[in-house]
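A short write-up of the structure that comes next.
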Amino acid sequence: MKHSRVVVTGIGVVTPIGTGREHFWTNLLAGRSGIGPVRSFDTSAYSVHRGAEVHDFEAENYLSNLDAAHLGRASQFAIAAARLALADANVEIASLDLERAGVSMGTTSGEPREVERFDDLFVSKNLERVGPEFLALYPSHVIAAHIARELQFGGINIMIPTACAAGNYAIAHAFDVLRAGRASLMLAGGSDSFSRITYTGFAQLGAIAPEVCQPFDRCRKGMIPGEGAGVLVLEPLSSALKRGARIYAEISGYGLSCDAHHMTAAHPNGEGAVRAMKQALEQSGTAREEVGYISAHGTGTPTNDRLETLAVKRLFGDAAYRVPISSIKSMLGHTMGAASAIEAAACALAVYHDRIPPTINLREPDPECDLDYVPNHAREHTVRVAMNNAYAFGGNNASLILKKCEEPQKGTKSTNKI
Amino acid sequence: MCFLWLVNSMRNRVVITGAGVVSSLGDSSSSLQLSLCSGRRAVKPVELFSTAGLGCPLGGEIPCFDAQKYLGRRNLRPLDRTSRLVASAAQLALNDSGWSGSILNQEEVGLVLGTMFCSVHTISEFDRRALEVGPAYASPMDFSNTVINAAAGQTAIIHNLRGINSTISTGITSGLQAIAYATEVIRSGRARAILAGGADEMCFESFYGFDRAGLLCRSEHSAGDFPIPFDKRRNGFALGEGAALLMLEDAHFARERGAHTLAEITGHGCGYDCSQGEDEESAVNSIALSVRRAINDASAGPHEIDCLSASANGSHAGDRHEAKGVFAGLNGQTRKLPVTAIKSMLGETLGASGPMQAIALLETMRDGVLPGINGLEQVEDDFAFDMISSDNREIDLETALVNSAGFDGHCCSLVLARCNEN
Chain A
0 MKHSRVVVTG IGVVTPIGTG REHFWTNLLA GRSGIGPVRS FDTSAYSVHR GAEVHDFEAE
60 NYLSNLDAAH LGRASQFAIA AARLALADAN VEIASLDLER AGVSMGTTSG EPREVERFDD
120 LFVSKNLERV GPEFLALYPS HVIAAHIARE LQFGGINIMI PTACAAGNYA IAHAFDVLRA
180 GRASLMLAGG SDSFSRITYT GFAQLGAIAP EVCQPFDRCR KGMIPGEGAG VLVLEPLSSA
240 LKRGARIYAE ISGYGLSCDA HHMTAAHPNG EGAVRAMKQA LEQSGTAREE VGYISAHGTG
300 TPTNDRLETL AVKRLFGDAA YRVPISSIKS MLGHTMGAAS AIEAAACALA VYHDRIPPTI
360 NLREPDPECD LDYVPNHARE HTVRVAMNNA YAFGGNNASL ILKKCEEPQK GTKSTNKI
Chain B
0 MCFLWLVNSM RNRVVITGAG VVSSLGDSSS SLQLSLCSGR RAVKPVELFS TAGLGCPLGG
60 EIPCFDAQKY LGRRNLRPLD RTSRLVASAA QLALNDSGWS GSILNQEEVG LVLGTMFCSV
120 HTISEFDRRA LEVGPAYASP MDFSNTVINA AAGQTAIIHN LRGINSTIST GITSGLQAIA
180 YATEVIRSGR ARAILAGGAD EMCFESFYGF DRAGLLCRSE HSAGDFPIPF DKRRNGFALG
240 EGAALLMLED AHFARERGAH TLAEITGHGC GYDCSQGEDE ESAVNSIALS VRRAINDASA
300 GPHEIDCLSA SANGSHAGDR HEAKGVFAGL NGQTRKLPVT AIKSMLGETL GASGPMQAIA
360 LLETMRDGVL PGINGLEQVE DDFAFDMISS DNREIDLETA LVNSAGFDGH CCSLVLARCN
420 EN
């Protein structure tokens, strides 16, 4: 059986630097930061106070069937991103075979605010005020379920909560589902809401930067927790061509591996990360030299950025110095389970527009991070192949390959450029 | 049919070479089967936490669970209850399938774990400590267990599982969905050996959530009378806990390494009910779709299914939707279909439930006994099952259907076939 080729035809994002593809991409290329003082909860008991939150988000704008009052924040983001992605892909829901329209989503925490509310009531001895909504809103699988319920999608519905690499896992799974012919359209991505639990945890690990996120800089001080969602419309190339859809990029392969080393620390020689990248290149039949952009996990912690650089060098050898690499977390903060989905969106746009978003706040080079990180300014550069890397708690590593789609397109590429 | 055969012949076949289970009714396939066939019930008054003020005092907890029994003198301090359950089941499954440390180091064995909550208890405790004594007192070690993939990550570290490591959450169907996911990964040639299954622990936080949602059984008589899947008197389910993992391998690879094969996974399918159980027709259709997709994927016909291990757990709407959905999915051929529902004894073990059903069926394939449904006396009149009762049934099991259907829309089905070459 010949596997279907899978392409990205729609992009929907809700991020700290903007909602919707155009707004997001413009701000990303301009190097705008979405980091500011935390507003979601009082941080006075913490030694750090900054985060990357989504402001001015109105869930009602994206809901036709469900009620925002009965949805957690991550579900709201996810539905908004899904609606935006479908609109961007110019897909009419009425035209779909709904039993073959599926959802594959990733997350780190699911709906943490629901358990935080439970905990607030527990601690204040008001637990009796917890009602049926806790079970209906909390478990992580509700995010994918709520998208399907809002859109009436009856196909495969799956949640892959593999922490900070979850978006890549979810897109990789959707890619497999479409290749095997188990669906005709998949919405795939990730979503997370700003969480007190996550913030507390990273603060306790000493991983949060006090002011800015400055990946690969010698003075980098850590990551900045964030929130958001990214959803891609994936479909077989044949269906995209048939309906004359704009094709951003083709997904051509992925690699997944596990360090089996430590829950929160990466393997000291980047062993698992190298295996994931290698598998991804092999599956997509891509030579290392063809890679024109690497979207780094790039959290901004001293260890991550050093080990990630080491892993890229181990796999790419001398070619590592010629591949532009950037971390958009410098602008977005770390949007957790959404991060690699939003980064996959950035890769698809880099491939489509031949432009690479920068790593901002990169002033002082680090001798241990000596690659080309596209410092501070976006760059025009032909990107035939982009590699999206993501690493997570649990030693979960995921690399995704997006390529220019080498097919004659009936689409309207030039008029849709922004 | 010819086309289907062609499709199937082009992909790798997936076999089960071992099983590991830690349950309230035994920690091996055979002890679980023995308990199920002797009608033992794990559902009893809960002892792990106080149920004062809750509507349901019953649950199927694992008494005196001690992971050290399975994992020896390893340092288990960083592992919470869910992670300990999974790491223990993984050890048992590795032993059962003949994977020792030395070959594990050469091969990248994967782990795909289905879980509804991982540990909401760990998450909640971490947060409550920060609330009660300040964020500076929250434990960094506990934080690493607040991610939903913690149990899969911890188990990978304990057993050096360096292959694909993924966590799947689709509510009650998580475990079966994890097996389906791993099956696809092996079929496509991406991996040769994956531990796949599911787990959920019994804890106050999830128990409280289910109780508040009104889904748990209410015993009006003595403790232990309920739940009764498919019975007219059913009024909810009991929560359970456990971990169950299957070692899935590429058939060719398993044969080459001389592994004993217990069964083949020939098909899987799933569906999603957008009404989340509110609309009966939609709920029934999605279960029917899931069953149909699984038997089509297995290139089997409804008449070839020898028995059903149902997801039914005693919930009023859920059991009805499943009975009707399986009827529709098998084109009405359910009258002569032997049916079991082991959640009558184990309770609803969430992520572990589907894999536990599969493991029990592996024993039925071996010993020819399908456990009865404990307590079942009055089957609902319009359920088209005749071969269903509280008594065990002798069957010659070649092809089995395992079903998993959640209360909130997810459904997943698996077809298992006996491997006759062994």
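Line by line, the protein sequences are chains A and B. With numbering that gives the first Met the number 0, letter number 5 in the first sequence gets 4, and the count goes up by one each step, no holes. With numbering that gives the first Met the number 0, letter number 327 in the second sequence gets 326, and the count goes up by one each step, no holes. Note that the Cβ used here is the ideal one computed from N, Cα and C, for glycine as well.
Rounded distance between the beta-carbons of residue 106(A) and residue 73(A), thought under 8 Å: About 6 Å; that satisfies the 8 Å criterion.
Per-residue DSSP class, three states only, for residue 152(A): coil
Min CB distance residue 225(A) to chain B below 8 Å: no
Buried versus exposed call for residue 217(B) [16 or more other C-beta atoms within 10 Å across all chains shown]: exposed
Contacting residues, own chain, Cβ-Cβ under 7 Å from residue 181(A) (five flanking each side not counted): 155
Residue 65(B) vs residue 144(B) beta-carbon contact at 8 Å: The answer is no: Cβ separation not under 8 Å.
Where residue 120(B) falls, given that 16 or more other Cβ within 10 Å makes a residue buried: buried
Helix, strand or coil at residue 49(A) [DSSP, three-state]: strand
Cβ shell of residue 350(B) (< 7 Å), same chain only, five flanking positions each side left out: Excluding its 5 nearest sequence neighbours in each direction, residue 350(B) has C-beta neighbours in its own chain below 7 Å: 113, 114, 115, 173, 174, 197, 198 and 199, listed in chain order.
Opening and closing residue of the beta strand (DSSP E) in which residue 407(B) lies: Here residue 407(B) belongs to no beta strand (DSSP E), and DSSP marks it neither H nor E.
Own chain partners of residue 205(B) with C-beta closer than 6 Å, once the 5 adjacent residues on each side are dropped: Leaving aside the five residues that flank residue 205(B) on each side, the residues in its chain whose CB is nearer than 6 Å to its CB run, in chain order, 116 and 119.
Burial state of residue 63(B), where buried means 16 or more other Cβ atoms lie within 10 Å: exposed
Min CB distance residue 118(A) to chain B below 8 Å: yes
Chain B contact residues for residue 148(A), given Cβ-Cβ distances below 7 Å: 273 and 275
Bounding residues of the alpha helix (DSSP H) (the contiguous stretch that carries residue 100(B)): From DSSP, the alpha helix (DSSP H) with residue 100(B) extends over 100-105.
In DSSP terms, what residue 248(A) is bridged to: 7(A)
Residue range of the alpha helix (DSSP H) that includes residue 111(A): 111-122
Ranges of the alpha helix (DSSP H) found wholly within the segment 178-260 of chain B, counting only runs of at least 4: Listed in chain order, they are 203-211 and 250-255.
Rounded C-alpha distance that separates residue 34(A) from residue 54(A): 11 Å
Close-in-space but distant-in-sequence residues of the same chain around residue 393(B) (CB under 7 Å, 5 per side omitted): 367 and 368
Endpoints, beta strand (DSSP E) assigned at residue 394(B): Unbroken run through residue 394(B): none, as it is neither H nor E.
Residue 288(A) classed as buried or exposed, judged by whether at least 16 other C-beta atoms fall within 10 angstroms: exposed
8 Å Cβ cutoff met for residue 208(A) and residue 299(A): yes
Any non-hydrogen atom of the ligand GTP within 7 Å of residue 86(A) CB: Although the ligand GTP was asked about, the structure shown includes no ligands whatsoever.
C-beta atoms of residue 418(A) and residue 333(A) nearer than 8 Å: With chain A covering 0 to 417 only, the question about residue 418(A) has no answer from this structure.
Any alpha helix (DSSP H) of 4 or more consecutive residues that is wholly inside the segment 334-407 of chain A: Fully enclosed alpha helix (DSSP H) runs of 4 or longer: 338-352.
Residue 204(A) at chain B interface by Cβ criterion, 8 Å: yes
Assumed close pair residue 141(A), residue 76(A) - CB separation to whole angstroms, cut-off 8 Å: Actually they are not in contact, since the Cβ atoms of residue 141(A) and residue 76(A) sit about 13 Å apart, beyond 8 Å.
Interface residues of the segment 233-260 of chain A facing chain B [CB-CB below 7 Å]: 255, 256, 257, 259 and 260
Cβ pair count under 8 Å reaching 3, the segment 356-363 of chain A against the segment 322-330 of chain A: yes
Contact list for the segment 103-127 of chain B against chain A, Cβ threshold 8 Å: 107, 109, 110, 115, 116, 117, 119, 122, 123, 125, 126 and 127
Cα-Cα separation, residue 473(B) to residue 47(B): Outside the modelled stretch of chain B, which goes from 0 to 421, sits residue 473(B), for which no answer is possible.
Paired residues, beta bridge with residue 101(A) - DSSP: 185(A)
Contacts around residue 138(B), its chain only, beta-carbon distance under 8 Å, and the 5 residues preceding and following it disregarded: 125 and 128
Proximity to residue 48(A) [Cα-Cα], best of 348(A), 26(A) and 211(A): 211(A)
Under 8 Å between C-beta atoms of residue 273(A) and residue 313(A): yes
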